[in-house]
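Student: Here's a structure for you.
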Amino acid sequence: IFSAYCRAQFKTNFSVFLNEVSVRILVLIIAVLYFFHLFSFQVFIYLFIASYLTNPVLMLVYIWWEKMLYIKPSKAVLKSGQINQMLNYGLFNFFGGATGILMDKLDIIFIPGLLNLANTGVYGIAVMLAQAVALPAKALLMILYPLTTDAFKENDREKLQYLYTTSCNVQLFVGGFTFLILWVNFDSIFSLVHP
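So the number in the working numbering is just where the residue sits in the sequence shown, counting from 1, plus 6.
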C-alpha cells in the first residue's frame with residue numbers, strides 16, 4: 007500500500023530500494039549469521055519476519071518525513087463524486103498486486119506436494135536466479151509507471167519515446183550483464199547445493 011502510495015506521489019526511489027535491495031541484504035546477513043550457528047532456527051525465523059516488517063515501518067516513516075502523510079479525513083472527498091473511482095482504483099491495485107504475488111509463489115507451493123522438498127529447493131534456487139536477471143527491469147518499471155502515466159495523460163509522444171528507448175537500453179545492458187554473470191557461474195552456484 008505504501009509503495010503504491012509513493013508511486014502515486016511520484017516518489018518511487020525509496021520504496022524500490024526497500025523492496026528490492028534492503029530486504030534482500032537483511033535476509034542475506036541473517037542467513038549468513040545462521041549459517042555460522044550464531045543463533046537458533048527459531049531466532050532465524052523471527053529475524054526473517056522482522057526483516058520484512060521493517061519495510062512498512064520505514065515506508066511509513068519516509069512518507070511522514072516527506073510530509074505526504076495525510077490522515078486528517080476530509081468531507082470534500084466524499085462529496086466530490088470520486089469515491090467510486092478511488093475505490094475501483096484501490097481494489098484494482100490490491101487484487102492486481104495480490105495476484106502477482108500469488109502467481110510468483112504458486113509453483114513453489116505445488117512442487118513439494120508433487121515431488122519433494124529437495125527438488126523444491128533446487129527449483130527455488132533456479133527461480134531466484136531468473137528473478138535476479140529480471141530484478142533491474144522490475145526496479146526500473148516501478149520508477150517508470152508514474153512517468154509514463156503522466157506522459158500518456160499529457161499526450162507527450164516525445165517523452166514516451168525517450169522513456170521507451172532509454173529503459174530498453176538500460177534493461178538490455180543491465181539484464182544481459184546479470185545474465186552473463188549468472189551463466190558463467192551457474193555450475194559454481196549449484197556446487198554449493200548439497201546432493
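Where a beta carbon is used, it is the ideal one built from N, C-alpha and C, also for glycine.
1) Counting Cβ pairs closer than 8 Å, one from the stretch 92–104 and one from the stretch 38–53, do we hit at least three?
2) Measuring CB to CB, does Ser21 end up less than 7 Å from Ser9?
3) Excluding the 5 residues preceding and the 5 following Phe54 in the sequence, name in chain order all residues of the same chain whose CB lies nearer than 7 Å to its CB.
4) Grouping DSSP H, G and I as helix and E and B as strand, with all else coil, what is Leu53?
5) In angstroms with no decimal places, state the Cα-to-Cα distance between Thr18 and Ala143.
6) Hey, how far is the Cα of Ile114 from the Cα of Phe100?
7) Which word fits Leu198, buried or exposed, when buried means at least 16 other C-beta atoms lie within 10 angstroms of its C-beta?
8) Going by the CB atoms, is the gap between Leu169 and Thr184 shorter than 7 Å?
9) Which stretch, first to last residue, makes up the alpha helix (DSSP H) that contains Leu169?
10) Use the C-beta contact count for Ala124: other C-beta atoms within 10 angstroms, 16 or more gives buried, fewer gives exposed.
11) Determine the burial state of Leu97: buried for a count of at least 16 other Cβ atoms within 10 Å of its Cβ, exposed for fewer.
12) I think Ala145 touches Glu26, with their Cβ atoms under 8 Å apart; what is that distance to the nearest whole Å?
13) What residues in its chain sit with their C-beta under 7 Å from that of Leu24, if we drop five residues either side in the sequence?
14) Taking the C-alpha atoms as reference points, what is the distance between Asn122 and Met109?
15) Measuring alpha carbon to alpha carbon, tell me which residue in Leu178, Gly130 and Gly127 is nearest Ala140.
Tutor: The short version:
1) Contact check between the stretch 92–104 and the stretch 38–53: fewer than three CB pairs, one atom from each, fall below 8 Å, which does not count as touching.
2) In this structure, the beta-carbon distance from Ser21 to Ser9 falls below 7 Å.
3) Taking C-beta separations shorter than 7 Å and ignoring five residues to either side along the sequence, the partners of Phe54 in its chain run Val33 and Ile36, following chain order.
4) Assigned with DSSP and collapsed to three states, Leu53 falls in helix.
5) C-alpha separation (whole angstroms): 14 Å.
6) CA-CA distance, Ile114 to Phe100, rounds to 22 Å.
7) Exposed is the label assigned to Leu198, since fewer than 16 other Cβ atoms lie within 10 Å of its Cβ.
8) The Cβ-Cβ distance between Thr184 and Leu169 does not fall below 7 Å.
9) Arg163 to Val190 is the extent of the alpha helix (DSSP H) around Leu169.
10) Within a 10 Å sphere around the beta-carbon of Ala124 sit fewer than 16 other beta-carbons, which makes this residue exposed.
11) Residue environment analysis places Leu97 among the exposed positions, since fewer than 16 neighbouring C-beta atoms fall within 10 angstroms of its C-beta.
12) Indeed they touch by this definition, with Cβ atoms about 5 Å apart.
13) If the five residues before and after Leu24 are omitted, its C-beta is found closer than 7 Å to the C-beta atoms of Asn61, Leu64 and Met65, all from its own chain and listed in chain order.
14) Across the structure, Asn122 and Met109 are spaced so that their CA atoms are roughly 20 Å apart.
15) Here the closest residue by C-alpha is Leu178.
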